[in-house]
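Note sheet for the following structure.
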Amino acid sequence: MEYNFREIEKKWQHYWVENNTYRVQENNEKQKYYVLNMFPYPSGAGLHVGHPLGYIAGDIFARYKRLQGFNVLNPMGYDAYGLPAEQYAIQTGQHPLITTQQNIERYRSQLDKIGFSFDWEREVRTCDPKYYHWTQWTFVKMFESYYDTEKNKALPISLLVEQLEKDGTNNIHAATSNEESISAEEWKAMNEEEQQRFLMHYRIAYQAETKVNWCAALGTVLANDEVVDGLSVRGGHPVVQRNMLQWCLRVSAYAQRLLESLDNLQWTDSIKETQRNWIGRSEGAEVEFRLQSNDLPITVFTTRADTIFGVTFMVLAPESEYVDIVTTDEQRAEVEAYIAETKKRTERERISDRRVSGVFSGSYAINPLTKVAVPIWISDYVLAGYGTGAIMAVPAHDSRDYAFAKHFDLPIIPLIEGADVSEQSFDAKEGIVMNSPVAELEAELKANGGLILNGLTVKEAIKTTKAYIAQHNLGRVKVNYRLRDATFSRQRYWGEPFPVYYKNGIPYTLPVDCLPLELPTIDKYEPTESGEPPLGRAKLWAWDEKNRQVVDKSLIDNQQVFALELNTMPGFAGSSAYYLRYMDPNNTNELVSSDVVNYWKNVDLYLGGSEHATGHLIYSRFWNKFLFDLGTAKTEEPFERLVNQGMIQGRSNFVYRVKDSDKEAPLFVSLNLKDQYDTTPIHVDVNIVSGDVLDIEAFKAWRPEFKNAQFVLENDKYVCGWAIEKMSKSMFNVVNPDMIVERYGADTLRLYEMFLGPLEQSKPWDTNGIDGCHRFLKKFWGLFFDNRDSDQLAINNEPATKEQLKSVHKLIKKITADIENFSFNTAVSAFMICVNELSQLKCHNKELLEQVVILLNPFAPHISEELWSLLGHTNSVCDAAWPQVNETYLVEDEQQLTISFNGKARFQMNFAATASSDEIQAITLQDERTIKYIDGKTVVKVIVVPKKIVNIVLKG
């Protein structure tokens, strides 16, 4: 019987839907297991073969855990908000919801063809008001909360108000952006507007002036990963840094908790380390350097207070509030020009770029310990958001300070005795003893009871210096974090609306029982002519406070009807807690019920790209910890185990166009002849290239400007160049999975994607290997039939042979271990080896083949369902039990040894597995082949290496 994969796959995909095979419900009698893939943004381009890689891996694991008896939650949905849909709406006038729904339908069709075990009844879409209702609810709760640094959790802002009314800011332990102290009387004397502005410094969701990446062409703020080389990733438009009033989330308040709980997660060390570096905890001291001109203090943060003797200049971030203060009139024009240039670069680019640039402010500050005046410079290698935005530069012992000092010819003072600063560094690990820089200073310090660091290790020197600074009121000891608060506003239409309205310029949140605040209809998706975000065009966009409803904004009177927020939330808003909503997607009363979340708790296995290490994974962990503080989430961490799949890269092809050739009839030169011409490489659609040979007629039809193209061939062929690159529509190297499924079947696609290489590594797509996986499935199918023309199953109940049992149980052990370790490529190889062995052994034993069918089910669900049915089962193979290995079948009865003479291998012999060395020696010497090789020579000795070799040493 022929393996008709098209009919089989269509049949079982229909069966799964009709029988709700993948529907899952809470079941306290079963142990739960939650598998989650990072959900996709549904782009118009649809899926390419790189997208399903992680989904297939997750589906294999989900099916495997189900076969082990777990109650498995394996949901899927769509991260449906995004700038591409909005830009398309601007270009076409079509509502983003329409194109998003069309894209979702296409994604769903493609996903269904691949045979995933998703419970589609739990699907979520971030653009659905029923979904973003709970994003808005969480935002309101964040607005109504502050972070108590003593209790280490979020608490209602009402408790903070009670404390302010009772005792002012005394004994308040809170994360805040304002350290102003007030008394209870001062608080009570404030009017409502003043109180609300004061509380804004404490709220977890708050408004503040902040530095953002502003793209005027797109009319919106962009995240760092949406900007490259000062241009927007989407459209390549200029991006500048500017200050804007933005909604922010106080992520920094959770920095220590985010850091500490990393240790308990089953994540790779590299991802953990990336997060630790991003959080960036450092212990140090804040020290005051006072301006020489007017004694105003500039506070710097340093982790190496002991190196203060080596300070030869200071550096301010271009955004620092100190810049205007320190810039002299003579230097102002140069400083302003430098700052204008800096605005074109993102902070991420400034961190990674090692180019040296800067400008002198014209002012000097006094070193508080040495009393020496040092120049104040401005440079973009210092960031305003880290520390105080000002540093004390110690060029002898910091690589970036050293590069800056060398570039601008500034002094360098080594603090290590005999140090050559071009070759040595201040190494804390070595515990090097440091000296004060000049003998005169040391004598003066001794005479006045100053700070002496001679004879101390680095650790002792740091501790001594910090104590001295605190004791003499020169600063304070402090823990700092690199982690910033998240900018949470976007000047876009296509995003979650903020449930916020404004009274006298003060934001208030909508009552939670009035949520969701739905996105209104507008006529155009661009900013207004006056520069407001697109929501400024909405007519029905005002809040009637008394009647608790959205009304026409023409009714705004700032007495009862007020203006609604015009910004929308960023993409990460909807993706930060989606795992919780999958648990209870149809609950209209709460984000997730206690009973449900107490059962599922959190995600056991999370799969996605490592590129989300410092964005999504940080924000979702923060969001979850906040919900944990509220009691909504039941675990501190959302994702117990994280697996990062690599990227499937595309194999791009190139044609070589001769420069200055006729535009109407461009000339293209074959690969091995291109060096004879002045050419430009052009990406060409890989679907019109076969084996790197171009289909010339298809190429002419591909693009109208090439219809009259001319070619210089080699051996009557046009050979294309090639390269391995990211699979991308712009590089014309995208392979559509639908094409693979149509030609080979979904099971072949699933097997091949796993067979390409280790899951976590990037690997190139090469269609040449697909045939092997398809042949394997046909060979496995053939084990069940005498021949392709017969519909009769060639299955029997005869006792399995020792070799057959060994082959199958070896496979059970291997597949189980490989799935647990995500070694799917070696698992596919093991299947191929086993099927070859069973074919050679002519195995048709029903019991054994049933076990192989179950093992194959996670990888190739369609063929395994069909064969399970043909074997007489009426239920789905998904409900079978995972086979258990019997180690007794793996015990070797024999051992094969190579027989060598004077170290040269001659033949092999089989011995009983239990044979002793003496028995092996005796049997070997009696063998007639051994007698032939001895041929009158003297046997000096016989060396037996168990399970490997027998070496007979001869003489004569």
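In this note's numbering, the protein residues as written are 483 to 1438.
Every residue gets a Cβ at the ideal spot worked out from N, C-alpha and C, and that includes glycine.
- Counting only unbroken stretches of 3 or more residues, the beta strand (DSSP E) elements lying wholly within the stretch 540-598 are 553-555, in sequence order.
- By the CB criterion at 7 Å, residue 1261 and residue 1317 fall inside the cutoff.
- Here DSSP, grouped into helix, strand and coil, assigns residue 620 to helix.
- Per DSSP, reduced to three states, the secondary structure at residue 1255 is helical.
- Judged by DSSP secondary structure, residue 1056 falls within the alpha helix (DSSP H) whose first and last residues are 1053-1057.
- Contact annotation: residue 1082 and residue 516 have beta-carbon atoms nearer than 7 Å.
- Residue 1415: member of the alpha helix (DSSP H) spanning 1410-1416, first to last residue.
- By the C-beta criterion, the stretch 1017-1028 is judged not to be in contact with the stretch 938-945, since fewer than 3 inter-stretch pairs fall below 8 Å.
- Note on residue 1258: 16 or more other CB atoms within 10 angstroms of its CB, so buried under the neighbour-count rule.
- Residue 843 is a Cβ neighbour of residue 860, given a cutoff of 7 Å.
- Take residue 1135, set aside five residues on each side of it, and the residues of its chain with a beta-carbon closer than 6 Å to its own are 1166, 1168, 1171, 1202 and 1204, in chain order.
- Around the CB of residue 819, fewer than 16 other CB atoms lie within 10 Å, so the residue is classed as exposed.
- With respect to residue 1128, residue 1207 sits apart: the two C-beta atoms are not nearer than 7 Å.
- Unbroken beta strand (DSSP E) stretches of 3 residues or longer found wholly inside the stretch 1151-1225: 1161-1166, 1192-1194 and 1203-1208, given in chain order.
- Beta-bridge pairing by DSSP links residue 1316 to no other residue.
- Using a Cβ distance threshold of 7 Å, residue 1295 and residue 1367 count as a contacting pair.
- Taking C-beta separations shorter than 7 Å and ignoring five residues to either side along the sequence, the partners of residue 1371 in its chain run 1287, 1288 and 1291, following chain order.
- The stretch 1331-1417 contains, as complete beta strand (DSSP E) runs of 3+ residues, the segments 1376-1383 and 1386-1394 (chain order).
- For residue 649, the enclosing alpha helix (DSSP H) has its first and last residue at 639-649.
- Here residue 1243 carries a coil assignment [DSSP, helix/strand/coil].
- The three-state secondary structure of residue 606, taken from DSSP, is coil.
- Counting only runs that start and end inside the stretch 786-838, the alpha helix (DSSP H) elements of at least 4 residues fall at 804-808, 814-824 and 829-834.
- Here the alpha carbons of residue 544 and residue 1309 stand approximately 16 Å from one another.
- Residue 1236 sits in a helix when the DSSP states are folded into three classes.
- Distance between residue 1351 and residue 739, taken at the CA atoms: about 52 Å.
- Contact between the stretch 1297-1307 and the stretch 1324-1332 is absent: fewer than 3 CB-CB pairs across the two stretches fall below 8 Å.
- Apart from sequence neighbours up to five positions away, the residues of its chain that approach residue 508 with a beta-carbon distance below 7 Å are 1078 and 1081, ordered along the chain.
- Rounded to the nearest whole angstrom, the C-alpha separation of residue 825 and residue 723 is 4 Å.
- For residue 1017, the closest of 1311, 580, 701 and 689 by C-alpha to C-alpha distance is 701.
- No Cβ-Cβ contact shorter than 7 Å links residue 1055 with residue 658.
- As for any beta strand (DSSP E) of minimum length 3 sitting wholly inside the stretch 722-788, the runs are 722-731, 763-773 and 779-784, ordered along the chain.
- By the neighbour-count criterion, in which a residue is buried when 16 or more other Cβ atoms sit within 10 angstroms of its Cβ, residue 1278 is exposed.
- When only Cα atoms are considered, residue 1252 and residue 593 end up about 19 Å apart.
- Per DSSP, residue 1421 is one residue of the beta strand (DSSP E) stretching across 1420-1427.
- By the neighbour-count definition (other C-beta atoms within 10 Å, threshold 16), residue 638 is an exposed residue.
- Here residue 1119 is not bridged, per DSSP, to any residue.
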